[in-house]
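Encoded as structure tokens, the structure appears first; notes follow it.
Chains as they are written, first to last, in my numbering: chain A, 2 to 126; chain B, 37 to 450.
Here it is in structure tokens:
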């Protein structure tokens, strides 16, 4: 899984300026195509800016606590995620380095926990 | 008949790293491979005294460890590819090739240990433990850390190797230089650890110098275009060539300038010189080439009856540039003292950070010798005392005590 952390500049580029927007979308379209062509893409989703985030916790006795804003207020914000099927961390780092955001923000690479996934999706572990 | 206990100790000493590397290259799980191998050693200690030592102990241990890994994989059936893994491991366990036919995976595992996804501070310690079989306490001492802290860092790194999916590959050319340094450091650290154990008291360490030489040769073979592995091998061969002469018959320490050069291995020195010349021709100097060049200069000096101290001082200058350690600073000060006089050397020595120097034995030994030559006897005696306090090695303590006695006698005579 690639967790994509974008600068607020990158988020701005998605919206207002026409030139910057088409540059950004072009780079992402090329990257997405490369992932699909290589047969490694599983799924992914770009996220709306951090300002749209709402955080929820359920305290004791089912008391729901809802808060405006993201869970972690960081300079670079979580801008999206991509799940890839790859043989090793090294292969994942290669793809992460090619991600358009790698040049301005940062990409966190983490393996999906197959074990937990199977237990949850299998339903009768 | 071989004593089973003895055989187990020998295999642990000579083949531990090779077995862990081979097992983990397939499972990508260093901690799991170590556990399985530990179980196999326990099983050997239990069954060999009754059933006899097998003809090929390494192959027996490898098969037993692989069966443990297969059992462990069966128990973890929740993993997606477990059926495949189990089949693979069972098939591997069934095959029983001759021990000599197992590919040596140690270098590959060393490069895995130096992966940038692992905390850089733990790269070299991890190799020392996993590939060279040093225990966490010994490693902690060498890296000035508490054993418990070192143990935690090492186990954290092994978990990361297993769970993050680090590739078990020799890295690409562009990633190589960064990882190569840690591999070279580990080989040299294991060599010096074996070298320091003069009495051969620790059986685990006795084979370390040979093991380190073997790994350095394999590295030179793997990366013939890289000059630093050649520099490292040359450095170790220069030391190796003088091994028989470094202690007197009674076990006393003999400094290089007083060694019987007739006991030196000239073919080994020749090989070291050729390796160093080949590396230097590439014009990419580095720490190990410079350290080898220093050994070459000292060797040459002892053979011709006079070292070229200005050249040695220049080499230390270069070493300070690529690897500014306290050891290099002390070496430079000692060389300058020989080239330009003890007062110049002492001034240089006193520029070293006092906190760092406080617990560094060579600093105090050099300081003592320089003060003595400048006839500052009381200060020299203080420095000798400090150096002796910091020395664990018996023969070197003895040597320093003798120098101290000579300084006292010289002062009384004059």
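By construction, the Cβ of each residue, glycine as well, lies at the ideal position given by its N, Cα and C atoms.
- Non-local C-beta neighbours of residue 301 of chain B in its own chain, meaning closer than 6 Å and more than five positions away in sequence, comprise 277, ordered along the chain.
- Any Cβ of chain B closer than 7 Å to the Cβ of residue 91 of chain A would place that residue at the interface, and such an atom is present.
- Under DSSP, residue 46 of chain A forms a beta bridge with A:82.
- CA-to-CA, the gap between residue 333 of chain B and residue 353 of chain B works out to about 14 Å.
- Under the Cβ distance rule, residue 61 of chain B does not count among the residues neighbouring chain A, no pair being separated by less than 7 Å.
- If you draw a straight line from the Cα of residue 102 of chain A to the Cα of residue 52 of chain A, it comes to about 19 Å.
- Between residue 329 of chain B and the set B:308, B:339 and B:338, the nearest pair of CA atoms involves B:308.
- Residue 37 of chain A and residue 89 of chain A have their C-alpha atoms spaced approximately 18 Å apart.
- Not a single C-beta of chain A is nearer than 7 Å to the C-beta of residue 154 of chain B.
- The C-alpha of residue 9 of chain A lies about 14 Å from the C-alpha of residue 104 of chain A.
- Annotated as distal: residue 54 of chain A and residue 80 of chain A, with beta-carbon spacing of 7 Å or more.
- Taking a contact as a CB-CB distance under 8 Å, the pair residue 362 of chain B and residue 397 of chain B does not count as one, their CB atoms being some 11 Å apart.
- Between the alpha carbons of residue 17 of chain A and residue 28 of chain A lies a distance of about 17 Å.
- Inter-segment contact for the segment 191-201 of chain B and the segment 71-81 of chain B is absent: fewer than three beta-carbon pairs are separated by less than 8 Å.
- Within the model, the alpha-carbon separation for residue 406 of chain B versus residue 268 of chain B is close to 30 Å.
- By DSSP's assignment, residue 56 of chain A forms a beta bridge with A:68.
- Identification of residues in the segment 191-203 of chain B having a C-beta nearer than 7 Å to some C-beta of chain A yields 199, 200, 201, 202 and 203, given in sequence order.
- Annotation for residue 7 of chain A: the continuous beta strand (DSSP E) segment containing it runs 3-7.
- Residues of the same chain with a CB within less than 8 Å of the CB of residue 434 of chain B, apart from the 5 flanking positions on each side, are 288 and 289 in chain order.
- For residue 82 of chain A, the closest of A:33, A:119 and A:92 by C-alpha to C-alpha distance is A:33.
- Taking the Cα of residue 78 of chain B as reference, the smallest distance to any Cα among B:266, B:159, B:157 and B:44 is reached at B:44.
- Under DSSP, residue 107 of chain A forms a beta bridge with A:6.
- Distance from the CA atom of residue 355 of chain B to the CA atom of residue 271 of chain B, rounded to whole angstroms, is 14 Å.
- Your pair residue 189 of chain B and residue 155 of chain B checks out as a contact, with CB atoms roughly 7 Å apart and the cut at 8 Å.
- The Cβ of residue 112 of chain A sits closer than 7 Å to at least one Cβ of chain B.
- Residue pairing by DSSP places residue 289 of chain B opposite B:283 in a beta bridge.
- If you draw a straight line from the Cα of residue 58 of chain B to the Cα of residue 39 of chain B, it comes to about 26 Å.
- Three or more Cβ pairs drawn from the segment 361-379 of chain B and the segment 399-415 of chain B lie within less than 8 Å of each other, which places the two stretches in contact.
- DSSP, reduced to helix, strand and coil, places residue 100 of chain A outside both helices and strands of the structure shown, so it counts as coil.
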